[in-house]
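Single-structure report; data block below.
Encoded structure:
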């Protein structure tokens with residue numbers, strides 16, 4: 028094979044301008060055909076089932092392979108793709124094997140015919156199953172959820188005022204896609220979706236669990252109720268640590284340079300939930316309500332011994348200026364203070380203490396001439412940058428020490444054929460070789476055949492060439508062809524004084540190697556003889 032390719036490369040001749048244009052056009056056409064075929068090979072495939080349908084992938088692949096139905100797997104979402112014209116056949120094959128998509132059934136259950144004599148209990152169970160299926164479908168719309176199941180525990184309403192029954196609750200089991208995670212906001216959205224779909228259900232009675240058994244709703248419900256937990260405490264401590272480290276690093280990079288310092292921040296948190304109410308009285312008391320009553324009596328009072336002076340006349344009183352004989356006063360006043368009532372609910376954590384330790388590289392060029400006195404202003408600067416409060420008990424330790432050189436890690440030796448760049452270049456070279464072979468073995472013979480036909484037609488029209496000249500040109504062409512092709516690899520050509528036997532052997536070798544060209548020369552001889560006979 029390689030010898031034939033080498034021989035064709037030696038025989039390759041550049042055509043004229045017209046033929047070169049045709050050669051380039053043919054190469055472009057072949058490249059376009061190959062590109063279109065590769066692009067078209069990925070078209071025409073559609074999903075066998077929807078993205079929300081849960082199907083046993085192993086069984087589906089086994090059935091499709093047994094039925095000789097071509098299929099592919101979408102690398103983005105893992106769906107099985109089949110050709111569009113084979114979709115019905117593939118689904119019928121799966122249905123005959125009893126394999127179908129597992130889809131949560133929603134309100135379709137309510138469309139079924141009611142069985143005569145079905146009780147209210149059966150209808151309630153059917154309604155609850157329909158509601159569970161609809162909620163599962165809604166949850167499966169989320170990108171991170173592959174499959175979901177919902178369990179509802181609905182308590183029937185009672186007409187009694189005093190009802191000791193528990194509240195309705197729900198549990199959601201979700202199967203997350205590979206590599207996907209759900210944050211607290213998404214978990215809260217699922218909880219609110221389920222709680223809002225069932226009348227009377229509270230959000231704190233909804234639980235969400237993933238396929239690994241992790242309770243995803245715990246953190247969201249703890250944040251909603253203001254109750255701290257271990258996960259919240261870890262997240263808060265990590266946030267405080269990152270903020271302090273970032274502030275200190277921004278300053279130290281400009282002062283001592285990168286990789287010349289190490290920072291350690293240790294916050295101490297109190298995760299107790301604190302809720303307090305304060306009431307303060309401001310200023311002196313003031314009268315808020317006053318009620319004053321005064322009663323005056325001018326009638327004489329009955330005095331003396333009863334019956335002893337009953338026959339004596341009563342002295343007439345001076346009516347010009349009557350005076351009250353008795354007075355009664357009553358005053359009621361209510362005092363009140365100006366009050367300030369404040370209800371404080373703390374966020375669920377308290378920063379009790381923060382300890383910061385900073386180590387500078389003593390062998391760094393920027394710190395080679397530093398003294399201990401120069402660390403005092405830097406220490407004050409670091410305290411302000413980290414936001415430390417010394418009265419709270421925060422501490423900062425700043426020292427200069429010599430850093431040890433990190434050990435050198437020996438990188439693994441990658442062979443040239445294992446290098447990704449070399450593999451890419453090999454792919455490009457293989458594609459170029461394929462294109463070259465197509466141009467040599469497909470495009471070039473077609474162009475040669477087309478040009479040979481044009482040359483034969485031109486020779487037929489040219490009837491004024493003498494027979495001797497044609498014979499001489501034919502012999503010269505054979506001689507030149509012999510020298511160029513047969514003895515192309517030899518240093519010396521066949522001499523002109525060689526015998527007839529050597530020339531016969533040369534022509535026989537030429538006939539075996541260049542059959543088409545020898546046939547073309549013989550054809551020219553025949554045409555010349557026909558013209559000479561005519």
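Residue numbers (this note's numbering): 28 to 561.
For every residue, glycine included, the Cβ atom is placed at its ideal position computed from N, Cα and C.
Thinking C-alpha only, which one of the options is nearest residue i?
i           : options            : result
residue 97  : 539, 421, 73, 473  : 73
residue 379 : 270, 298, 231      : 298
residue 369 : 167, 105, 157, 308 : 308
residue 239 : 287, 440, 200      : 200
residue 416 : 294, 252, 389      : 294
residue 75  : 362, 426, 112, 58  : 112
residue 367 : 310, 314, 373, 284 : 310
residue 184 : 167, 171, 169, 151 : 151
residue 306 : 382, 419, 371, 261 : 371
residue 166 : 410, 388, 104, 198 : 198
residue 268 : 315, 363, 243, 383 : 383
residue 168 : 139, 464, 220      : 220
residue 300 : 312, 286, 405, 260 : 260
residue 413 : 214, 153, 270      : 270
residue 409 : 385, 399, 390, 163 : 385
residue 159 : 130, 272, 171, 357 : 130
residue 278 : 175, 405, 153      : 405
residue 133 : 106, 84, 163, 125  : 163
residue 377 : 390, 419, 214, 89  : 419
residue 398 : 427, 176, 232      : 427
residue 208 : 241, 225, 226, 374 : 241
residue 421 : 323, 123, 381, 396 : 381
residue 562 : 444, 105, 216, 537 : This structure leaves residue 562 out entirely; the chain is present only between 28 and 561.
Are there 16 or more other CB atoms within 10 angstroms of the CB of residue i, so buried, or fewer, so exposed?
i           : result
residue 541 : buried
residue 211 : buried
residue 149 : exposed
residue 248 : buried
residue 365 : exposed
residue 303 : exposed
residue 101 : exposed
residue 119 : exposed
residue 363 : exposed
residue 137 : exposed
residue 203 : buried
residue 170 : exposed
residue 322 : exposed
residue 449 : exposed
residue 457 : exposed
Give the secondary structure of residue i by DSSP, where H, G and I count as helix, E and B as strand, and everything else as coil.
i           : result
residue 244 : helix
residue 376 : coil
residue 71  : coil
residue 236 : strand
residue 567 : Residue 567 lies beyond the residue range present for the chain, which begins at 28 and ends at 561; the question has no answer from this structure.
residue 294 : strand
residue 354 : strand
residue 101 : coil
residue 137 : helix
residue 548 : helix
residue 438 : coil
residue 517 : Low confidence applies to residue 517: its pLDDT is 42, below 50, so where it sits in the model is not reliable, and the reading given next is rough at best. Coil.
residue 554 : helix
residue 263 : helix
residue 510 : Only weak support exists for where residue 510 lies, its pLDDT of 45 falling under 50; the value from the coordinates is given anyway. Helix at residue 510.
residue 281 : helix
residue 385 : strand
residue 395 : coil
residue 367 : strand
residue 468 : helix
The alpha helix (DSSP H) spanning residue i covers which residue range?
i           : result
residue 119 : 114 to 123
residue 323 : Not the alpha helix (DSSP H): residue 323 falls in the beta strand (DSSP E), residues 302 to 324.
residue 153 : 147 to 166
residue 406 : 402 to 413
residue 457 : 447 to 465
residue 90  : 84 to 93
residue 224 : 211 to 224
residue 536 : 527 to 540
Can you tell me the Cβ-Cβ gap for residue i and residue j, rounded? I've got them flagged as a contact below 8 Å.
i           : j           : result
residue 155 : residue 121 : Actually they do not touch by this definition, with Cβ atoms about 31 Å apart.
residue 218 : residue 235 : 6 Å
residue 402 : residue 425 : 6 Å
residue 292 : residue 272 : 6 Å
Grab the span of the beta strand (DSSP E) containing residue i for me, first residue to last.
i           : result
residue 180 : 172 to 180
residue 424 : 422 to 428
residue 203 : 196 to 203
residue 110 : 107 to 110
May I ask whether a heavy atom of the ligand FMN can be found less than 7 Å away from the beta carbon of residue i?
i           : result
residue 193 : Questions concerning the ligand FMN fall outside what the structure shown contains, since it holds no ligand whatsoever.
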